[in-house]
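Everything below concerns the one structure shown next.
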Amino acid sequence: MSAPTSHTPKWETVLSHLEIEVRDVLKPHDPLPSERDLMVTFGVSRMTIREALRNLVEAGAVYRVQGSGTFVAEPSRVSKSLALTSFTDDIRSRGMRPGATLVSCTTVPATPQVAGDLGLRVGVMVINLVRVRTADEASMCLERVWIPADLVAAQMPDPKEIESLYDVMAGANILPTSAEQTITADVFDDNEAALLHVPEKSPCLRVARIAYDTRGRAVERGHSAYRADRYDFRVTIRRPGSL
Ligand code: GLP
0 MSAPTSHTPK
10 WETVLSHLEI
20 EVRDVLKPHD
30 PLPSERDLMV
40 TFGVSRMTIR
50 EALRNLVEAG
60 AVYRVQGSGT
70 FVAEPSRVSK
80 SLALTSFTDD
90 IRSRGMRPGA
100 TLVSCTTVPA
110 TPQVAGDLGL
120 RVGVMVINLV
130 RVRTADEASM
140 CLERVWIPAD
150 LVAAQMPDPK
160 EIESLYDVMA
170 GANILPTSAE
180 QTITADVFDD
190 NEAALLHVPE
200 KSPCLRVARI
210 AYDTRGRAVE
220 RGHSAYRADR
230 YDFRVTIRRP
240 GSL
């Protein structure tokens, strides 16, 4: 259990551990421990446990059965749309092995555009991580990410060793829980095509994401250019009013 930082609300620390338990340990419809057991495990009040569970229910990760407890929900069938997933989650959910090849990792002053997206003053230091992301060893996208340096600097491992950036951020108690995202059709520029080993002007899907944590802080600006011949966005849509 990574030590929470002093300013992280207790329910957030409980939430981030429960989310990992729900994602990596339990299976759909497994029961979560009782509120009393969770209070003992985390050494917090019932109110704190209930706040963490409420967030899990709202995120659709668990469901409550009156008088029986809280259970793990079916994973949403969408691969990338309503669920805020990491590249790692997304590629694994497609039955492929995620990977990354480091292109560059620099700590630079935020430009007006980056500062504007992250709600920072121009010039504040941000970490700019550029990687080729792969699925089953073949290139899938070129990912450029900017994150406020002070949020993760202490926990930043050797960039060549990073697999999931969101796992690194979780280690710093930074959990992206919502995001503004746009998807645009385009073609790769020559540099991108060379890095991804695809013909020049190959079609791509540009995904621009600003991710926020549970406290509403902008924690990540991501620009990912996906190969349109290998990637698609699948959406589960429901009629209004249906469950
Ligand atoms: C998605 C987003 C990126 C984000 C990445 C994190 O692909 N488009 O903005 O940085 O997920 O994925 P991971 O935790 O596997 O590095």
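Per numbering that gives the first Met the number 0, the sequence shown runs over residues 0 to 242.
Backbone N, C-alpha and C fix where the C-beta goes; we use that ideal spot for every residue, glycine too.
This structure is a prediction, so every number in the text was calculated from the model and none was measured.
Measuring CB to CB, does residue i end up less than 8 angstroms from residue j?
i      : j      : result
Ala178 : Arg208 : yes
Arg49  : Met139 : no
Thr47  : Val24  : no
Arg214 : Asp185 : no
Pro175 : Tyr211 : yes
Ile146 : Glu199 : no
Ala72  : Gly59  : yes
Gly221 : Val144 : yes
Ala217 : Asp116 : yes
Met124 : Pro108 : yes
Thr7   : Asn172 : yes
Ala153 : Ile126 : no
Pro202 : Ala224 : no
Flag residue i as yes when its Cβ comes closer than 7 angstroms to any non-hydrogen atom of the ligand COA, and as no otherwise.
i     : result
Phe86 : The ligand COA is not part of this structure, which contains only the ligand GLP.
Just to confirm the assignment, what range does the beta strand (DSSP E) spanning residue i have?
i      : result
Thr106 : Pro97 to Pro108
Met124 : Met124 to Ala134
Tyr205 : The sequence shown places Arg at residue 205, rather than the Tyr named in the question. That run of the beta strand (DSSP E) goes Pro202 to Asp212.
Val13  : Premise fails: Val13 lies in the alpha helix (DSSP H), Lys9 to Ile19, not in any beta strand (DSSP E).
Thr87  : Careful: Thr87 lies outside any beta strand (DSSP E), inside the alpha helix (DSSP H) at Phe86 to Ser92.
Arg63  : Val61 to Val64
Gly68  : Gly68 to Val71
Considering only residues of the same chain and omitting the five flanking positions on each side of residue i, which have a CB-CB separation below 6 angstroms?
i      : result
Cys104 : Leu128 and Pro158
Ile90  : Pro97 and Ala134
Thr181 : Ala207
Arg132 : Phe86, Ala99, Met139, Cys140 and Glu142
Could you spell out the range, first to last residue, of the alpha helix (DSSP H) harbouring residue i?
i      : result
Ala171 : Premise fails: Ala171 is in no alpha helix (DSSP H) and is neither H nor E.
Gln154 : Per DSSP, Gln154 belongs to no alpha helix (DSSP H) and is neither H nor E.
Leu195 : Asp189 to Leu195
Ala58  : Taken as a continuous stretch (DSSP letters only), Ala58 belongs to no alpha helix (DSSP H), as it is neither H nor E.
Asp116 : Pro111 to Leu117
Note down, in chain order, each residue of its chain lying with its Cβ closer than 7 angstroms to the Cβ of residue i, except the 5 sequence neighbours on either side.
i      : result
Glu136 : Gly98
Glu130 : According to the sequence shown, residue 130 is Arg rather than Glu. If we look at Arg130 and ignore the five residues flanking it on each side, its Cβ neighbours are Ala99, Thr100, Leu101, Val102 and Glu142.
Val64  : Phe70
Ser163 : Ser85 and Thr87
Trp10  : Thr47, Glu50 and Ala51
His28  : Phe70 and Val71
What are the residues that DSSP puts in a beta bridge with residue i?
i      : result
Val144 : Leu128 and Gly221
Pro30  : Phe70
Arg226 : Cys203
Ile182 : Val206
Ala137 : Ala134
Ala177 : The question names Ala, yet the displayed sequence has Ser at residue 177. For Ser177, which the question treats as bridged, DSSP gives the partners Tyr211.
Going by beta carbon distance, what residues of the same chain come within less than 8 angstroms of residue i, once the five residues before and after it are set aside?
i     : result
Val56 : Tyr62, Arg63 and Thr69
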